[in-house]
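Protein chains in written order, with my numbering: chain V, 6 to 170; chain F, 6 to 170. What follows is a set of notes on a single structure, which appears directly below.
2 protein chains.
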Amino acid sequence: MSVSPFDDPRLTAMGLIAEVHAGLSARMNPVFQAAGLSWIDFETLIRLSRSPEQRLRMTDLATQTGLSTSGVTRVVDRLERESLVARMACPTDRRASYAVLTDAGRERLSDVLPRHLADIDDCYTTLLDDDERATFLSALRKMRDVVRPGATAGAAAERECTTPA
Amino acid sequence: MSVSPFDDPRLTAMGLIAEVHAGLSARMNPVFQAAGLSWIDFETLIRLSRSPEQRLRMTDLATQTGLSTSGVTRVVDRLERESLVARMACPTDRRASYAVLTDAGRERLSDVLPRHLADIDDCYTTLLDDDERATFLSALRKMRDVVRPGATAGAAAERECTTPA
DNA sequence: TGTAGACATTTGTTGGCGCAAGCATCCGCA
DNA sequence: TGCGGATGCTTGCGCCAACAAATGTCTACA
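Have a look at this one:
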């Protein structure tokens, strides 16, 4: 079938991942845009919502989202402009600052989530049976652990400051 | 464990895909950069190498790579400047043009491929056994078919012009 | 033949992100 | 206490890609 010397089967796996990622973005983005968010905005808000005190230091947000620190600065700038997050000084380290999820941010998440989950069902959940999903997720986790060591959410908890106020 | 109302397990799958994709990019990019290419340059060259006559119309290249047509224009501009691809007029439709892989382009691919494949082995092949890889790929294919209908390489073949000269 | 609409591509504009530089702060050590 | 290096964040700059508008070409239909 193929006439190319560059058709190693390993390449198809990489290509598929890229294709699926791009396709999912294209599929998911309209829902986010309708709510005035980008995918990365959503990721940011979700990560905050899952963090203790619903807040995260800028650096931790960067490692969790995969953005550079400057990228996080600008995302939080945007979200702060819409009052979806707030910056909060860290009481124990005056260099650091927290991004905190606001009530408006939680509300925005609640607005978007149902339609986003429906999209996920269409593109993922209903396509695979339980065993397939389990294998799929475990494969992704193995790859992530190699490719992004230390990017787990748990890393942030270890440098949590004591709860203020 | 979690205190968030936004921790639906379906979200973790999407997050993992994004994380793995981002992590792979970060991991793979140095190899491409060392050869003066970006990941998308590489994808473009590879797609051309696998196409009949080693050429593809701009539009087909766009759907295969997931870029917009204007994006493809500029990628091909870059690659043409380095003589890795050439533009060729379509004999049967003067609106269309082909991007054709040149000898230099093939050579550049040969330069990059071994190190790229080694990266893939580190991040993928050796992490999963045969069954896991099979399930993983089939899951990705199912998702791709839903999320990017008509983006398969075969679609381009159907509108192939007859071979010129 | 002539015309309207679709299509392939390119160009102008805009926004997002990474990199490097800069500033403030923290830590270790004398 | 005081100093040097490390760390956390922000800002200046440049690249890249998407969107929209413009151009040239094709197709269908009268």
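Quick reminder that beta carbons are idealized off the backbone N, C-alpha and C, glycines included. Quick caveat: nothing in here was measured; it's all calculated off a predicted structure.
- request: Output, in sequence order along the chain, the residues in the stretch 19 to 30 of chain F whose CB is closer than 8 Å to any CB in chain V.
  value: M19, G20, L21, I22, A23, E24, V25, H26, A27, G28 and L29
Identity of the residue in F:E48, F:M63 and F:L29 nearest F:D98 by Cα: Against the second sequence, residue 98 of chain F aligns to sequence position 93. When only C-alpha atoms are compared, the closest one is F:M63.
query: What residues in the stretch 62 to 90 of chain V have a beta carbon less than 8 Å from any beta carbon of chain F?
result: G71
- prompt: Taking just the CA atoms, how far does V:A67 sit from V:R92?
  reply: Counting from one through the first sequence, the residue named residue 92 of chain V turns up at place 87. Counting from one through the first sequence, the residue named residue 67 of chain V turns up at place 62. Rounded to the nearest angstrom, the two C-alpha atoms are 15 Å apart.
query: Do F:R60 and F:A104 have their C-beta atoms within less than 8 Å of each other?
result: Sequence index remark: in the second sequence, residue 60 of chain F carries index 55 (1-based). Sequence index remark: in the second sequence, residue 104 of chain F carries index 99 (1-based). The answer is yes: Cβ separation under 8 Å.
message: So, for F:A101: in the same chain, excluding its five sequence neighbours on each side, which residues have a beta-carbon less than 6 Å away from its beta-carbon?
response: Here residue 101 of chain F refers to the residue found at position 96 of the second sequence. Closer than 6 Å at Cβ, skipping near neighbours: R62 and C95.
- request: Classify V:D108 as buried or exposed, calling it buried when 16 or more other Cβ atoms lie within 10 Å of its own Cβ.
  value: One-based indexing of the first sequence puts residue 108 of chain V at position 103. Counting the other Cβ atoms within 10 Å of the Cβ of V:D108 gives fewer than 16, which makes it exposed.
field: Contacts of V:A144 in chain F (Cβ-Cβ under 7 Å)
entry: The sequence position of residue 144 of chain V within the first sequence is 139, counting from 1. Here the neighbours are L133, E137 and F141.
Proximal residues of chain F, C-beta to C-beta of V:F11 below 9 Å: Counting from 1 along the first sequence, the entry for residue 11 of chain V is found at position 6. Going along chain F in sequence order, the residues near V:F11 (Cβ under 9 Å) are L50, I51, S54, R55, R111, L114, S115 and L118.
task: Please determine, among V:M19, V:V81 and V:N34, the residue with the shortest C-alpha to C-alpha distance to F:R32.
output: Reading the second sequence from its first residue, position 27 is the one you call residue 32 of chain F. Comparing Cα positions, the closest option is V:M19.
message: Nearest by alpha-carbon distance to V:N34: which of V:A27, V:H26, V:W44 and V:C128 is it?
response: Here residue 34 of chain V is taken as the residue at index 29 of the first sequence, counted from 1. For V:N34, the nearest C-alpha among the options comes from V:W44.
- prompt: If V:V130 sits next to F:R15, beta carbons under 8 Å apart, how far is it from one beta carbon to the other, in whole angstroms?
  reply: On the first sequence, residue 130 of chain V is found 125 positions in, with the first residue counted as 1. On the second sequence, residue 15 of chain F is found 10 positions in, with the first residue counted as 1. For the record, residue 130 of chain V in the displayed sequence is Thr; it is not Val. The Cβ separation is near 6 Å, so the contact holds.
- request: Let me know if V:L144 comes out buried or exposed under the rule of 16 or more other beta-carbons within 10 Å of its beta-carbon.
  value: Position 139 of the first sequence, counting from 1, holds the residue named residue 144 of chain V. Correcting the residue type first, residue 144 of chain V is Ala in the shown sequence and not Leu. V:A144 comes out buried.
- request: Closer than 8 Å by C-beta to F:V36: which residues in its own chain qualify, once you throw out the five before and the five after it? Chain order, please.
  value: The residue labelled residue 36 of chain F in the question sits at position 31 within the second sequence. V117, R120, H121 and D124, listed in sequence order.
task: Spatial neighbours of V:L89 within its chain, please: CB distance less than 7 Å, with the 5 preceding and 5 following residues excluded, ordered by chain position.
output: Working through the first sequence from its first residue, we reach residue 89 of chain V at position 84. For V:L89, where only same-chain residues beyond five positions count, the Cβ hits under 7 Å are L50, T107, A109, G110 and R113.
- request: Closer than 7 Å by C-beta to V:S54: which residues in its own chain qualify, once you throw out the five before and the five after it? Chain order, please.
  value: Numbered from its first residue, the first sequence carries residue 54 of chain V at position 49. Counting only Cβ-Cβ distances below 7 Å, and skipping sequence neighbours, we find L106, R111 and L114.
message: Ignoring anything shorter than 4 residues, give me the alpha helix (DSSP H) runs that lie fully in the stretch 29 to 72 of chain F, in order along the chain.
response: DSSP runs (the alpha helix (DSSP H)) wholly in the stretch 29 to 72 of chain F: 44 to 54 and 63 to 70.
- prompt: Would F:Q38 be called buried (16 or more neighbouring beta carbons within 10 Å of its own) or exposed?
  reply: Counting from 1 along the second sequence, the entry for residue 38 of chain F is found at position 33. Counting other Cβ atoms within 10 Å of its Cβ, F:Q38 stays below 16 and is therefore classed as exposed.
query: Does V:T167 have its Cβ less than 8 Å from a Cβ in chain F?
result: Locating residue 167 of chain V in the first sequence gives position 162, counting from the first residue. Unreliable placement is indicated for V:T167, whose pLDDT of 42 sits below 50; the coordinate value is still reported in the next sentence. So no, V:T167 is outside the interface.
query: Going by other Cβ atoms of all chains shown within 10 Å of its Cβ, with 16 needed for buried, is F:D46 buried or exposed?
result: Locating residue 46 of chain F in the second sequence gives position 41, counting from the first residue. Buried is the call here.
message: With a threshold of 8 Å between beta carbons, is V:Y129 in contact with chain F?
response: Position 124 of the first sequence holds residue 129 of chain V. Yes, its Cβ sits closer than 8 Å to a Cβ of chain F.
- prompt: beta strand (DSSP E) containing V:R92: first to last residue?
  reply: Here residue 92 of chain V corresponds to residue number 87 of the first sequence, with the count starting at 1. V:R92: member of the beta strand (DSSP E) spanning V90 to A94, first to last residue.
message: For V:L16, would you say it is in contact with chain F, using Cβ-to-Cβ distances shorter than 8 Å as the test?
response: The residue you call residue 16 of chain V lines up with position 11 of the first sequence. Nearest CB-CB separation between V:L16 and chain F: below the 8 Å threshold.
task: Could you tell me whether the Cβ of V:R153 comes closer than 8 Å to any Cβ of chain F?
output: For this step, residue 153 of chain V is matched to residue 148 along the first sequence. Yes, contact with chain F.
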